[in-house]
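Here the sequence shown is numbered in the UniProt record's numbering, starting from 1 and rising by one per residue.
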Amino acid sequence: METFLTTREAADRLGVSLRTVQQWVEQGALQAYKTHGGHRRILRSSLDRMLAERESALRGHTLKVLVVEDDAALLRLYTLTLGGWDLPLDLRATDNGIQALVEVGAWQPDVLILDLHLPGLDGFELVRRLNALVPHPALIVVTGLDPHEIGARGGLPPELPVLPKPVPFAVLKRHLETLLQPARPALERSPA
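Set out below in structure tokens:
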């Protein structure tokens, strides 16, 4: 007998937002039905198939990481630190939001590590635009803003990992390790 998951359960298992799961259902990437109340129920077999496909695709895969940071010294620190880890990372960097969108379209990174204060296109708008893509890359925000300042500027999706500055590289490494193992639960949210 087929079992079903709620949209929230599917989002948690896949490590994506509720809206992403809804869009995948609308596009047919996940099989589901709507209850009389209008709620989606995702077939567990469809979700398991998607997880298996992701895991198969990423087995032996290099994680493509785009770092978006306008501080040149910090950008260099990211490059040196992430490049020194024993993880299969393909690393690129840019110093502004507009170039980040270009890189996402051309290079299709698996994950973006981004600051919120960026020239050209700020990190808040960059997050909004990237979350509209289906599928979209995983996002990790690293910012000097406190939660009140983030809220005052429109906030961020609650499932988005937000790390403080100075960069907690050990926590960042754990997030990347999690992304290299897609069958694990969603990224944990770190306190800002």
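A virtual CB, placed ideally from N, CA and C, is assigned to each residue, including glycine. No experiment lies behind these values; they were computed from the predicted model shown.
Same chain, Cβ closer than 6 Å to residue i, neighbours up to 5 away in sequence not counted
{"i": "residue 24", "result": "30"}
{"i": "residue 159", "result": "17"}
{"i": "residue 121", "result": "97, 98"}
{"i": "residue 192", "result": "At residue 192, the pLDDT of 42 sits below 50, so the modelled position is not reliable and the matter cannot be decided from this model."}
Proximal residues to residue i (C-beta, below 8 Å), its chain only, five neighbours per side dropped
{"i": "residue 93", "result": "66, 67, 68, 69, 75, 78, 79"}
{"i": "residue 34", "result": "40, 41"}
{"i": "residue 47", "result": "5, 10, 13, 14, 30"}
DSSP-derived helix/strand/coil call for residue i
{"i": "residue 94", "result": "strand"}
{"i": "residue 52", "result": "helix"}
{"i": "residue 68", "result": "strand"}
{"i": "residue 63", "result": "strand"}
{"i": "residue 133", "result": "coil"}
{"i": "residue 179", "result": "helix"}
Beta-ladder partner(s) of residue i, from DSSP
{"i": "residue 164", "result": "143"}
{"i": "residue 41", "result": "6, 33"}
{"i": "residue 114", "result": "68, 141"}
Spatial neighbours of residue i in its chain, beta-carbon cut-off 7 Å, leaving aside the 5 residues before and after
{"i": "residue 156", "result": "127, 141, 150, 162"}
ask   = With contact counted as at least three CB pairs below 8 Å, one residue from each stretch, are the segment 105 to 116 and the segment 135 to 146 in contact?
value = yes
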